[in-house]
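> One structure, as structure tokens, below. Some questions next.
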Amino acid sequence: MNARAAKPVGTVTRGTTNPNRLRRMDRWIAATHGAALRHADDPVAVDLGYGAAPWTAVELLQRLRTAAPRARVVGVEIDPARVAAAKPYERDGLRFRHGGFEIPLPVRPTLIRAANVLRQYEEAEVAAVWARLCARLAPADAGSRGGLLVEGTCDEIGRRHVWVALGPEGPRTVTFATRLGSLERPSDLAERLPKALIHRNVPGEPVHAFLRDFDRAWASAAPYASYGARQRWIRAVRDLTADWPVVDGVARWRQGEVTVRWDALAPGA
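Per my numbering, the very first residue in the sequence shown carries number 1; after that it's consecutive.
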């Protein structure tokens, strides 16, 4: 049985979606993975579990094409009624397909984005889903690290978002992103941790220690608030780099982001 005919793998989600909800994730992808999409022979991106309306897939295509004009997006949904409802939105570079975690495409995509998909699953199920999706990514070669899976969670209007980036080899980084004007303290982002981490925000776990240290750095940076929340965030993140493997720089911090190596935050045994 070929991939297109296979029974979809996964469970129907609630389907909640809003226009512009995933803008922070999209912009990060375009900035950090745009070169890989530009250089790919066939730069295919999958919006997995786009929900009851196709807005996020439409917007992903628009944002990716600012960095990679040849990019194509395929929205994949396990609910056939949602696929049928999305079909009128198809256009050059945008298609919708019925499917699930098996990713029913004849090619291995350069990007898979799965936002708010795993929230309803058990933590113990995450590793297997990640492994299945990573196995579908474009492989690494001499000129590329391979495709990218971005899996995470955000609030209903996209002000707060946390995601894990994975390559064919597995998890690479965790990114925290927020609208700084809405933030009281960095640990407010804990409620948006992805399924692999949200139940690990307890004493003794690395992600709990990270958010504790981030709150302390944020408090120490309070004098910078007179210059705006952005300057306070930048100073707090700069202080974090003394003890945590932050992998991005000021250009991303200014966007209300910080990205940390996965192995520093990975759950303990």
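Ideal placement from N, C-alpha and C gives every residue a C-beta, glycine not left out. Since we're looking at a predicted model, the values are computed, not measured.
Return the CA-CA distance between P104 and A86, expressed in angstroms with no decimal places.
Indexing the sequence shown from 1 puts residue 104 at position 104. Indexing the sequence shown from 1 puts residue 86 at position 86. So the two alpha carbons sit approximately 17 Å from each other.
> Closest to E123 by CA distance: which of K195, V9, A251 is it?
Within the sequence shown, numbered from 1, the residue matching residue 123 stands at position 123. Per the Cα distances, K195.
> Are the CB atoms of L189 and A114 within a distance shorter than 7 Å?
Here residue 114 refers to the residue found at position 114 of the sequence shown. Here residue 189 refers to the residue found at position 189 of the sequence shown. No, the pair does not count as a contact, with Cβ atoms beyond the cut-off.
> For the region 84-99 and the region 118-134, state whether three or more C-beta atom pairs, one from each stretch, are separated by less than 8 Å.
Verdict: no, contact absent.
> Do V150 and W130 have their CB atoms nearer than 7 Å?
The residue you call residue 150 lines up with position 150 of the sequence shown. The residue you call residue 130 lines up with position 130 of the sequence shown. No, these two residues do not count as a Cβ contact at 7 Å.
> Quick one: using the 10 Å Cβ neighbour count with 16 as the cut-off for buried, is V202 buried or exposed?
One-based indexing of the sequence shown puts residue 202 at position 202. Its Cβ having fewer than 16 others within 10 Å, V202 is exposed.
> Is the Cβ-Cβ distance between T175 and T259 less than 7 Å?
Numbered from 1 along the sequence shown, position 175 holds the residue referred to as residue 175. Numbered from 1 along the sequence shown, position 259 holds the residue referred to as residue 259. A contact, by the Cβ cut-off of 7 Å.
> Does the Cβ-Cβ distance between V73 and A52 come in under 7 Å?
What you label residue 73 is simply residue 73 of the sequence shown in a count that begins at 1. What you label residue 52 is simply residue 52 of the sequence shown in a count that begins at 1. No; because the gap between Cβ atoms is not below 7 Å, this pair is not in contact.
> Could you give the residue range of the alpha helix (DSSP H) that holds T32?
Here residue 32 corresponds to residue number 32 of the sequence shown, with the count starting at 1. Element bounds for T32: 23-39.
> Do you know whose CA, among D248, F214, A84, L133, lies nearest L168's CA?
Mapped onto the sequence shown, residue 168 falls at position 168. The question names Leu, but residue 168 is Pro in the sequence shown. Nearest option by C-alpha distance: L133.
> Would you call the CB atoms of P43 and T110 closer than 7 Å?
Counting from 1 along the sequence shown, the entry for residue 43 is found at position 43. Counting from 1 along the sequence shown, the entry for residue 110 is found at position 110. In this structure, T110 lies closer than 7 Å to P43 by Cβ.
> Short check: CB of R235 to CB of A222, under 7 Å?
Position 235 of the sequence shown, counted from the start, is the residue given in the question as residue 235. Position 222 of the sequence shown, counted from the start, is the residue given in the question as residue 222. Cβ distance not < 7 Å, so R235 and A222 don't count as in contact.
> Going by DSSP in three states, T66 sits in which element: helix, strand or coil?
Along the sequence shown, one-based indexing puts residue 66 at 66. T66: helix per DSSP, three-state reduction.
> Looking only at its own chain, which residues have a Cβ that is under 7 Å from the Cβ of A30, when we skip the five neighbours before and after it?
Against the sequence shown, residue 30 aligns to sequence position 30. For A30, where only same-chain residues beyond five positions count, the Cβ hits under 7 Å are R63, L64, T66, A67.
> Starting from the C-beta of L197, find all residues in its chain whose C-beta is less than 6 Å away, skip the five residues before and the five after it, and write them out in chain order.
What you label residue 197 is simply residue 197 of the sequence shown in a count that begins at 1. V207.
> The alpha helix (DSSP H) spanning E191 covers which residue range?
On the sequence shown, position 191 is the one that residue 191 refers to. Careful: E191 lies outside any alpha helix (DSSP H) and carries neither H nor E.
> What residues match up with H199 in a beta bridge as DSSP calls it?
Working through the sequence shown from its first residue, we reach residue 199 at position 199. Partner(s): none; H199 has no beta bridge.
> Suppose the cutoff is 7 Å on Cβ atoms and the five residues either side in sequence are ignored; what does the same chain contact list for R4 look like?
Locating residue 4 in the sequence shown gives position 4, counting from the first residue. For R4, the pLDDT reaches just 45, beneath the cut-off of 50, and the residue's location in the model is therefore unreliable, although a value from the coordinates is still provided. Here the set comprises P104.
> Shortest alpha-carbon distance to A264 belongs to which of G249, L240, A251?
As a first step, residue 264 must be located in the sequence shown, where it is residue number 264. It is L240.
> Tell me which residue opens and which closes the alpha helix (DSSP H) that D239 is part of.
Locating residue 239 in the sequence shown gives position 239, where the first residue counts as 1. It spans 229-240 - the alpha helix (DSSP H) in which D239 sits, taken as one unbroken run.
> Looking at the structure shown, is W253 part of a helix, part of a strand, or coil, going by DSSP?
Within the sequence shown, residue 253 is the residue found at index 253, counting from 1. Looking at W253 - three-state DSSP - the assignment turns out to be helix.
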